[in-house]
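Here the structure comes first, spelled out in structure tokens, and everything after it is commentary.
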Amino acid sequence: MATIPSHALRHLTLTRPWLRKISCTTSLAFSSQDPLLTYPDNSNNNDTDHTKKTTNSKSQAFFPKKNQVLELECESLAFKGKGVCKVADSGFVLLCDNALPGERFIGRVSRKKGSYAEVTKLKTLSPHRDLVDAPCAYASYCGGCKTQNLSYEAQLRAKEQQVRELVIHVGKFSDKNPDFECIMKPIVPCDVQFHYRNKMEFSFGTQKWLPKELLHEKLDGIDNYALGLHAPGYFDKILNVDKCLLQSEPANKILATVQDNWKDPELGLSPYNVHSHTGFLKHLVLRTGRDMKTDLPELMVNFVTSSYKPEMLKPLVEKISAIPEVVSIMNNVNTSVGNTSVGEEEYTLYGKSTITESLRGLTFQISANSFFQTNSHQAEVLYKLIEDCAGLRGDASEIVLDLFCGTGTIGLTLAKKYSLLDLAKHVYGYEVVAQAVADAHRNAKLNGISNTTFLQGDLNKIDENFGKHFPKPDIVISDPNRPGMHMKLIKFLLKLKAPKIVYVSCNPATCARDIDYLCHGVMEQNIKGCYKLKSIQPVDMFPHTPHIECVCLLELC
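As numbered in numbering that gives the first Met the number 0, residues 0 to 556 make up the sequence shown, in order.
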């Protein structure tokens with residue numbers, strides 16, 4: 000439970016034999032107590048006597064059972080946005096989706112997982128303390144914007160608190176240290192809280208998801224087809240979406256056009272069936288870029304299909320291409336039974352095969368399957384923070400090692416800033432995805448940058464030869480995916496002893512773990528840390544979602 004922040008609940012009381020109210024006043028999660036005791040299920044006992052036993056005796060610490068119905072109060076959010084409740088004395092943790100701080104609700108224990116349990120919310124008794132109206136009609140269902148009905152200020156507080164608790168409890172940095180408040184920076188908010196995503200992926204399906212109140216409706220054939228987002232917990236049911244408030248308005252115009260036409264029987268289009276592995280349409284991917292000459296949006300539409308039949312897509316292509324912002328319509332063909340939107344083959348159905356976007360003064364070409372920061376506006380803020388942490392002197396001697404470099408955006412923004420001064424500094428980038436490396440080379444050439452080298456390599460599988468292809472760096476940039484860095488790479492960095500590491504993370508839990516290893520070492524493996532954490536800066540890249548980005552600066556001791 001290392002990813003859960005601290006919280007508090009009130010003392011246990013019993014008002015009805017079937018309903019137990021859980022609360023506590025101790026810090027979450029990082030409790031060492033084991034759940035060895037089970038609360039006795041004596042529904043015929045006198046309620047008053049029962050209450051006395053549970054509140055006054057630690058030996059009667061309560062551990063809920065599966066299917067038990069409880070009255071709970073959420074006091075904080077865990078990583079991934081789940082509401083956190085905790086049992087007094089026992090330290091037992093309960094997590095509930097769609098529960099927000101301050102909300103009192105009735106929930107049923109749906110699953111037990113060792114030291115914690117998951118709860119399904121049945122009924123809200125009183126709303127959370129920072130309630131706002133969610134502007135999106137799908138906010139309660141789709142799972143993408145879990146905190147849209149939580150005020151943005153409260154979202155920021157919750158995210159900042161998560162990072163703080165993880166740095167303390169997982170990273171093992173004491174908040175009693177007088178330098179801690181200088182190290183732990185306040186979260187950087189996002190000025191644009193809607194329409195900020197430059198990429199959205201929608202799925203076609205044969206089973207439309209319906210809320211409980213509409214389950215009595217029997218849908219057959221085309222009426223049961225859907226285009227939208229996967230309903231939480233279902234791989235085969237699609238929540239039909241006509242408009243998404245996270246993507247650009249032109250993208251919503253395209254989505255509406257497709258929705259208005261794709262189920263027309265005369266077109267003969269069928270959604271892919273994930274059970275029978277039949278059907279044609281798999282995904283609709285919409286990407287928003289920017290025309291570098293006019294600064295107006297330009298959009299790419301990518302149909303992912305199970306086979307290559309351009310004549311079947313032609314009617315949709317004709318309607319979509321009439322939208323002025325559309326400059327590219329692609330077709331990725333994915334013949335596998337998997338759910339990926341990346342095809343084995345790619346075809347251009349209309350316009351050009353890439354769109355462009357600007358970041359830190361550079362121009363990037365984005366193909367249908369290129370990785371690019373999903374929030375272009377906030378990426379400017381994030382990359383400025385990375386530049387500030389890197390603190391390049393500009394004295395023509397510094398080498399940058401860019402790990403998990405993707406399409407090279409971070410390394411190129413650092414290289415360009417200083418190559419304009421005609422310096423000899425060089426950036427070496429490593430990335431496992433071959434297409435991303437090819438994109439990095441293309442973007443370097445597009446921007447006239449020659450002081451970069453991008454190499455393909457799996458940083459989870461490095462051996463003793465890694466490091467022989469580049470000089471010792473002055474600065475290491477590491478931007479791993481959610482699992483964080485492999486221990487092999489951490490050992491390499493501790494041996495390399497670069498003067499400075501800038502760690503960019505999309506998962507504060509694995510980030511805290513890795514900076515603990517780099518700073519404090521791993522006693523069990525006799526590994527000594529050699530870095531000092533100078534700062535950790537949370538950044539809100541995706542408002543209304545549980546995702547948090549962090550930029551950490553570590554300096555060699």
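For glycine and all other residues, C-beta sits at the position ideal for the given N, C-alpha and C.
Bear in mind that the values here come from a model prediction, so they are computed numbers and not experimental data.
Quick one: Cα of Thr256 to Cα of Val83, how far?
41 Å
Is it the case that the region 246 to 256 contacts the region 143 to 155, given that we only count it when at least three CB pairs across the two stretches are under 8 Å?
no
Grouping DSSP H, G and I as helix and E and B as strand, with all else coil, what is Leu348?
strand
Ignore the nearest five residues each way along the sequence and tell me which others in Gly170's own chain have a CB closer than 6 Å to its CB.
Ala511, Ile514 and Asp515
Over the uninterrupted alpha helix (DSSP H) stretch that includes His519, give me the two end residues.
Pro507 to His519
Please look up how many angstroms separate the CB atoms of Ile500 and Ser534, rounded, as I've assumed it's under 8 Å.
Not a contact, Cβ separation roughly 12 Å.
Grab me the residues of Pro210's own chain with a C-beta within less than 7 Å of its C-beta, minus the 5 sequence neighbours each way, in chain order.
Tyr140
Going by DSSP in three states, Val131 sits in which element: helix, strand or coil?
coil
From Phe62, Asn97, Asp96 and Leu99, residue whose alpha carbon lies closest to that of Lys85
Phe62
Exposed or buried, Leu413, counting other C-beta atoms within 10 Å across all chains shown (16 or more means buried)?
buried
Between Met329 and Leu348, is the Cβ-Cβ spacing less than 8 Å?
yes
Output the distance between the C-alpha atoms of Lys120 and Arg103, rounded to the nearest integer angstrom.
10 Å
Check whether chain C comes within 8 Å of Ile167, counting only Cβ atoms and requiring the distance to be less than that.
Protein chains in the displayed structure number just one, and chain C is not present.
Per DSSP, what kind of secondary structure is Asn330 in: helix, strand or coil?
strand
With a floor of 3 residues, list each beta strand (DSSP E) that falls wholly inside the region 188 to 259, ordered by position along the chain.
198 to 204, 225 to 229 and 237 to 239
Quick one: using the 10 Å Cβ neighbour count with 16 as the cut-off for buried, is His425 buried or exposed?
buried
Beta-bridge pairing of Leu149 - partner residues as DSSP gives them:
Leu130
Below 8 Å on the Cβ atoms is my guess for Ser357 versus Arg286; work out the distance and round it to an integer in Å.
Contact doesn't hold; Cβ gap of about 15 Å is too wide.
Taking Asp457 as the reference, give the member of Asn446, His274, His485 and Arg481 with the closest Cα.
His485
Please report the residue range of the alpha helix (DSSP H) in which Ala433 lies.
Ala433 to Leu445
What's the gap between the Cα of Leu130 and the Cα of Val399?
46 Å
How big is the Cα-Cα spacing for Val503 and Ser173?
21 Å
Could I get the ranges of all uninterrupted beta strand (DSSP E) runs contained in the region 446 to 492, with 3 residues as the minimum, in chain order?
451 to 455 and 474 to 477
Could you spell out the range, first to last residue, of the beta strand (DSSP E) harbouring Val501?
Lys499 to Ser504
Any idea what DSSP makes of Ile547, helix, strand or coil?
coil
In chain order, what residues of the same chain lie with their CB nearer than 7 Å to the CB of Val166, ignoring the 5 residues before and after it?
Phe172, Met183, Ala511 and Ile535
Rounded to the nearest angstrom, what separates Leu266 and Thr334 at their Cα positions?
21 Å
So, with DSSP's three-state summary, where would you put Pro16?
Because the pLDDT at Pro16 is just 35, under 50, the model does not fix this residue reliably, and the point stays unresolved.
Counting C-beta neighbours from all protein chains within 10 Å, is the total for Asp294 16 or more, i.e. buried, or is it exposed?
exposed
Between which residues of its own chain and Pro270 is the CB-CB distance below 6 Å, once the five residues before and five after are set aside?
Phe203, Gly204, Thr205, Tyr224, Gly278 and Leu280
Leaving aside the five residues before and after Pro314 along the sequence, list all residues of the same chain whose C-beta is less than 6 Å from its C-beta, in chain order.
Leu266
What residues in its chain sit with their C-beta under 8 Å from that of Asn260, if we drop five residues either side in the sequence?
Leu266, Pro314, Leu315 and Lys318
Could you tell me the alpha carbon to alpha carbon distance between Thr509 and Ile547, rounded to whole angstroms?
12 Å
Rounded separation between Gln377 and Cys189 - CA only:
6 Å
Return the chain-ordered ranges of every alpha helix (DSSP H) run that is complete within the region 379 to 430 and spans a minimum of 4 residues.
408 to 418
Anyone know if the C-beta pair for Val332 and Glu343 falls short of 8 Å?
yes
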